[in-house]
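Comments concern the structure below.
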Amino acid sequence: MTPKTVFISLMLTLAIGDIVSASNAAGVWKGTWNTLPSVQGVQVGSSRMYRPARTNKRQHHGTLRVRLRPEETGGYQGLFTGRFAKVVPYIYRAQVVQRGNQLVASRRLGPFGEYRMQLRPQGNHMVGVWSAGGETGTIQLSRSR
C-alpha cells in the first residue's frame, strides 16, 4: 500500500468506522507508528489539529507500546515506549483524555517540540494520527492484554 492509500484508509476509518467507547481502553496496546511524507495536516473530525511546520521528506517507522491506566477523573495515565530508527529507545508518560469517542494526548518532548496524538478505539484495535517535530504520521495498535 502506498502512503497515500494508508492515509486515506485511516481517515475513512476515523470518519465512518465503528464507534466504540473510549471508556474501555485501559490495558496494554502494541503496534507501530509511521510518518507520512508530504502531509500538510491531518483532518480529524471537524478540526485540522496537526499542522506540520515542514513537509516530511523521509518516511520513518517504529514500534510502539502503550499502557493506559484509568484515573478517577475519567481519563488515563499513558506510558508510551518504543523505538525510533529500530535502535533508539524512548519512553514517556502523558495524560490521555477522552474526547467523545477519541483518546487525545499532548506532551512537550524537549527538542522534538509538542507531541500530539489522537486515537480511536475500535474493539481490540486503535488507529490514529500523531504529530511532533514538524512531522505527522499514523498509529496502529492492537490490544495486548
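FYI, in our numbering the residues of the sequence shown are 23 to 167. For every residue, glycine included, the Cβ atom is placed at its ideal position computed from N, Cα and C. Predicted, not measured: the structure shown is a model, and the values here were computed from it.
- Separation of residue 127 and residue 136 (C-alpha to C-alpha, rounded to the nearest whole angstrom) is 10 Å.
- The stretch 64-148 is shown to contain whole beta strand (DSSP E) runs of 3 or more residues at 64-66, 69-72, 83-92, 98-106, 110-121, 124-130 and 136-144, in chain order.
- CA-to-CA, the gap between residue 108 and residue 130 works out to about 23 Å.
- Residue environment: residue 143 is assigned as buried (16 or more neighbouring CB atoms within 10 Å of its CB, all protein chains considered).
- The beta carbon of residue 141 is closer than 6 Å to those of 125, 148 and 150 in its chain, skipping five residues each way along the sequence.
- The beta carbon of residue 105 lies closer than 6 Å to those of 84, 85 and 111 in the same chain, with the five residues before and after it left out.
- A straight line joining the alpha-carbon of residue 49 with that of residue 153 spans about 23 Å.
- Around the Cβ of residue 102, a 10 Å sphere holds 16 or more other Cβ atoms; the residue is buried.
- Remark: C-beta atoms of residue 51 and residue 159 do not approach each other more closely than 8 Å.
- Sequence-distant Cβ neighbours of residue 146 in its own chain, meaning closer than 8 Å and more than five residues away, are 164 and 165.
- In terms of CA proximity to residue 115, 139 leads the group 139, 122, 94 and 96.
- No Cβ-Cβ contact shorter than 8 Å links residue 120 with residue 100.
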